[in-house]
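Remember, the numbering used here sits 313 above the position in the sequence shown when you count from 1. Here's the structure, in structure tokens; my notes come after.
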Amino acid sequence: MSFPVPFLSLKELFWLSCVLVSTYAFLRGRSSRTSIPHPPGPRGIPFIGSLLSVHPTRPYTTFAKWKAQYGDLVYCTLAGQPVLVINSERVARDLMDKRSHIYSDRPQVSHDIYLGITSKTTQLPYGAQWRMHSKLIQKVLKRDAAQAHCDTHLRLAIALLSDLYTDPSSFEEHFHKLTASNILRITYGYDMTSHNDPFCTPMVELVERLKAGMATVRMLTLSAFPILQKIPPWIPGASWQWNAHRLRGLTVQCGDEPFDWVQEQIDQGKTPPHSMVSDLLQDDDVSADHMTYMKAIKDAAGTMFIAGFETTYTTLLAFFLTMVLHPDVQRRAQEEIDRCIGQGSLPVFKNRDELPYVEAVLREVMRMYVMLPLGLPHSTSSEDVYDGFFIPKGTIVLPNAWLMVREDSRWTSTDVFDPSRHLTASGDLAFTSTTEISGSAAFGFGRRKCPGRFMAENTLWITIASILAAFTISPAKGSETRRSVEMKDGFARTPVAFPCNIKPRMGYEELLGRL
Ligand code: HEM
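Written as structure tokens, this is what we have:
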């Protein structure tokens, strides 16, 4: 691949794009028909706005500090783009849920073209194409439809126990396999056979590279100064170019290959395994034109892995490592399982209501480890006025979910992992809403809220309950002094794994050997 060498010098191009961006931002600000003030926020400096004051890998911590200074709503410009940071769940609900007709767009940034991901559901503007994707995805992921996948989740949780029994030290790989298998099975009807599966391996690489490519600060900078996207990759410090180049290829490959695998089976007159893609391809009830419909199926299906893999995997890993650090929590959950289903048995979904402490553990893991701390950015499709403040059309909206779960007024000491905060004194669940997990800020807001939340909740519950039933996890030599799970920050937060001992519990050795 050859990269064009710009006609102007890099320095000239940089300043030219600065001037254009600022002029555009200035004219846009002037064209607003209102004199109502913007929400308060840092003033920033010309061209760059407040970008340099934002932490490059933990922007949500900067935004949390801004809350003390400016309040729940903070308005600023970052690299020439208007940005609204929402630092409270109440305000996020007011705007993103109740006014979702205004707050459901995504920023249309050149950065997405550069990474080759414009056709993925997560990036689509709020309009007809997104609505078509959403309809296709809801068919497999809405609450009722998600229940139909529980047999798959249970089967794969049992396969995970077998993997952990035979090769405990590779627990991270086993979690990868479990999470990937769930999504590939439900999306394409495809059963993974090994860790190095030909469909899965490029998808995992795609997600890894996307994580690197989508870091908030870098995304804003490259979008505001698209000329930077043309810098030749051999220039020192421009390694992101290699990443973007490889990403564009992987996105096409990962969208096409599994889709074609299903299509070929249908073309050959075979009955492919029941899945999102096979069901939709064979659906007679199609109103859109054929090509548009086929592309929508392929792109929506291709989004499932990108959106659901890392988020579910990292939550599971965070649970696992947290159990090592909190043996008292682990023991209490195991005692509850033993009391309810008997030692030597494995939980099934119908036990869920009888295991409030296990439920509390899952809720606390979801609360404590928000894997997408700023969710996915929304943007406004028209101007709005809230609480006396003017919010322009095209403003990028960043909900600070990381802060919201820490400021939940129901609890104190929210930096401490404590499942019992979700229980009453008698050990029942304190909050009985069925959306306590799926409705949390961790899954986003409004019409763009994560459609995979019910599937994620089911997968995580059965996997967590199964692991707690069958194994005791403890620190391996050298890890005894750890007190908390270290998180690697970026667009998504990832727990840093450490060596653990994974031993079958008394009464489970024989069962695990037979799986
Ligand atoms: C613990 C696991 C998960 C977490 C924490 C999570 C979180 C999120 C968040 C924060 C968003 C952005 C919401 C917004 O814009 O307000 C999102 C979007 C999305 N998620 Fe999830 N997710 C998880 C699992 C899944 C799974 C398993 C799937 C599917 C297999 C999935 C599919 C999607 C899709 C398709 C979108 C894009 C929605 C849109 O733009 O309209 N997610 N997710």
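All C-beta atoms in this analysis are idealised placements derived from N, C-alpha and C, irrespective of residue type, glycine included.
Residues sharing a beta bridge with residue i, DSSP
i    : result
S787 : N814
Q394 : L391
G362 : I358, L391
F512 : DSSP output for F512 lists no bridge partner at all.
P438 : Beta-bridge pairing links P438 to no other residue.
F702 : Y699
S692 : D418, I709
M681 : According to DSSP, M681 bridges with nothing at all.
M800 : P808
L742 : L736
L535 : Per DSSP, none; premise fails for L535.
Residue i Cβ short of 8 Å to the ligand HEM heavy atom set
i    : result
A458 : no
A743 : no
T693 : no
F376 : no
H368 : no
A620 : yes
T807 : no
K762 : yes
F538 : no
T884 : Outside the shown range of the chain, which is 314 to 828, sits residue 884, and nothing can be said about it.
R766 : yes
A714 : yes
R419 : yes
I450 : yes
H446 : yes
G568 : no
F758 : yes
Alpha carbon of residue i to alpha carbon of residue j, nearest angstrom
i    : j    : result
R734 : I704 : 37 Å
G568 : D612 : 7 Å
Q595 : I426 : 31 Å
G342 : E696 : Confidence in G342 is poor, its pLDDT being 46 and thus under 50, which makes the residue's placement too unreliable to answer from.
P712 : A754 : 9 Å
L497 : G384 : 43 Å
M636 : I430 : 36 Å
D700 : S363 : 23 Å
L340 : A551 : Bear in mind that the predicted position of L340 carries a pLDDT of just 46, short of 50, making it unreliable; the figure below should be weighed with that in mind. Computed Cα separation, rounded: 31 Å.
L824 : G655 : 13 Å
A789 : N814 : 5 Å
L687 : V710 : 9 Å
S797 : F730 : 9 Å
E518 : K816 : 31 Å
D641 : E402 : 31 Å
M819 : T500 : 37 Å
S344 : G621 : Note on S344: pLDDT 43, under 50, position unreliable in the model; no value is reported.
H351 : S692 : 16 Å
E822 : A472 : 15 Å
A782 : L397 : 45 Å
L828 : S482 : 18 Å
M505 : C513 : 8 Å
D802 : Y373 : 10 Å
heavy atom of the ligand MN below 8 Å from residue i C-beta
i    : result
T616 : No copy of the ligand MN appears in this structure; the ligands present are the ligand HEM.
Span of the alpha helix (DSSP H), counted from its first residue to its last, around residue i
i    : result
L491 : 484-501
L829 : The chain is shown only over 314 to 828; residue 829 falls outside these bounds and no answer can be derived.
V404 : 402-405
C763 : Note, C763: premise wrong, no alpha helix (DSSP H); not H, not E.
I377 : Note that residue 377 corresponds to Ala in the displayed sequence, not to Ile. Taken as a continuous stretch (DSSP letters only), the alpha helix (DSSP H) holding A377 covers 372-383.
Y821 : Unbroken run through Y821: none, as it is neither H nor E.
T564 : 553-580
A614 : 603-638
V367 : First-last for V367: undefined, no H or E at that position.
A472 : 463-479
H424 : 423-428
V661 : Looking at the DSSP string, V661 is not in any alpha helix (DSSP H), and its letter there is neither H nor E.
V590 : 589-594
N-terminal and C-terminal residue of the beta strand (DSSP E) that residue i is part of
i    : result
P712 : 709-712
D697 : 697-699
(Q) Check whether the region 421-441 and the region 741-748 touch, using three or more Cβ-Cβ pairs below 8 Å as the test. (A) no
Q | Three or more C-beta pairs below 8 Å linking the region 757-776 and the region 405-419 | A | yes
Q) Taking three-plus beta-carbon pairs below 8 Å as touching, is the region 642-662 in contact with the region 522-540? A) no
Q | Meets three-Cβ-pair contact criterion under 8 Å: the region 386-406 and the region 531-547 | A | yes
Q. Given 8 Å as the limit, is there contact between the region 489-508 and the region 620-631, that is, 3 or more CB pairs closer than that?
A. yes
Q | Meets three-Cβ-pair contact criterion under 8 Å: the region 723-737 and the region 660-680 | A | yes
Q) Should the region 576-587 be regarded as contacting the region 445-452, the criterion being three or more beta carbon pairs within less than 8 Å? A) no
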